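In the numbering used here, the protein residues as written are 418 to 629. All C-beta atoms, glycine included, are put in the ideal place defined by N, C-alpha and C. Values in this document were obtained by computation on a predicted structure and should not be read as measured data.
(1) Does DSSP put residue 510 in a helix, a strand or coil?
(2) CB residue 411 to CB residue 560, shorter than 7 Å?
(3) Are there 16 or more other CB atoms within 10 angstroms of the CB of residue 578, so buried, or fewer, so exposed?
(4) So, using beta-carbon positions, are residue 497 and residue 517 closer together than 7 Å?
(5) Have a look at 507, 482, 608 and 531 and flag the residue whose alpha-carbon is nearest the alpha-carbon of residue 549.
(6) Using 8 Å as the Cβ pair cut-off and three pairs as the minimum, do the region 445-465 and the region 531-543 touch?
(7) Measuring straight from C-alpha to C-alpha, what distance separates residue 528 and residue 485?
(8) Ignore the nearest five residues each way along the sequence and tell me which others in residue 590's own chain have a CB closer than 6 Å to its CB.
(9) Output the distance between the C-alpha atoms of residue 554 and residue 610, rounded to the nearest integer angstrom.
(10) Compare the Cα-Cα distances from residue 564 to each of 515, 503, 440 and 464 and report the closest residue.
(11) Check whether the Cβ atoms of residue 450 and residue 583 sit closer than 7 Å, and answer yes or no.
(12) Where do the N-terminal and C-terminal ends of the alpha helix (DSSP H) with residue 382 fall, by residue?
(13) Could you give the DSSP three-state label for residue 488: helix, strand or coil?
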């Protein structure tokens with residue numbers, strides 16, 4: 418009896434040990450971000466396909482990114498690129514990978530050395546620090562005053578990227594389909610927001626003031 422129990426435990430551990438989770442791409446579309454801003458300690462991106470919100474209260478990496486965007490390092494800002502935006506089809510959560518390139522000519526030598534000693538900092542084709550940020554726990558939103566925001570705060574150089582929808586595929590996970598369907602019902606709603614122009618800050622480039 419004991420041997421049977423031990424074999425059962427070993428079999429269970431073996432199954433979980435062999436379980437692997439992969440992200441399977443469902444769809445891929447070109448997305449063009451027309452506006453990117455901070456409001457109420459949240460990050461917003463307005464695209465041709467969707468509008469996105471990343472809340473600092475839900476994600477530490479969003480808080481860290483906002484802190485960087487408000488830091489003295491941004492005095493050397495040169496260019497922003499969005500590598501991709503991904504949506505988990507099971508819970509509708511959004512994540513994005515963003516590169517911020519800084520101009521070495523606007524940084525002291527010690528500042529450059531300090532940046533290159535940090536994680537997720539690469540060297541651009543021009544030898545500048547290229548910082549990678551991943552922000553997560555985002556969601557799709559609808560902005561009631563989207564047109565007004567775009568008139569006042571549209572990027573002079575829109576950020577072209579890919580919007581990828583994926584689902585997680587897990588071996589030996591026989592309950593995954595049911596759980597995923599229930600989560601889709603929970604997260605299916607899209608919030609409708611009104612963002613006051615006066616509280617918007619634009620970190621990526623100089624545009625006309627939103628308050629004038």
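Straight from the coordinates:
(1) The sequence position of residue 510 within the chain shown is 93, counting from 1. In the three-state scheme derived from DSSP, where H, G and I count as helix and E and B as strand, residue 510 is classed as coil.
(2) No information on residue 411 is available, as it lies outside the stretch 418 to 629 that the chain covers here.
(3) As a working note, residue 578 is residue 161 in the chain shown. Label assigned to residue 578: buried.
(4) Taking the first residue of the chain shown as position 1, residue 497 is located at position 80. Taking the first residue of the chain shown as position 1, residue 517 is located at position 100. Yes, the pair counts as a contact, with Cβ atoms nearer than the cut-off.
(5) Mapped onto the chain shown, residue 549 falls at position 132. It is 482.
(6) no
(7) The residue given as residue 528 occupies position 111 in the chain shown. The residue given as residue 485 occupies position 68 in the chain shown. Rounded to whole angstroms, residue 528 to residue 485 spans 14 Å at the Cα level.
(8) Walking along the chain shown from the start, residue 590 turns up at place 173. In this prediction, residue 590 scores a pLDDT of 48, lower than 50, which makes its location untrustworthy; no coordinate-derived value is stated.
(9) Here the question's residue 554 lines up with position 137 in the chain shown. Here the question's residue 610 lines up with position 193 in the chain shown. Their backbone Cα atoms lie some 18 Å apart in a straight line.
(10) By 1-based counting over the chain shown, the position of residue 564 is 147. It is 464.
(11) Along the chain shown, one-based indexing puts residue 450 at 33. Along the chain shown, one-based indexing puts residue 583 at 166. Cβ distance not < 7 Å, so residue 450 and residue 583 don't count as in contact.
(12) Nothing about residue 382 can be read from this structure; the chain reaches only from 418 to 629.
(13) Here residue 488 is taken as the residue at index 71 of the chain shown, counted from 1. It is coil, neither helix nor strand.
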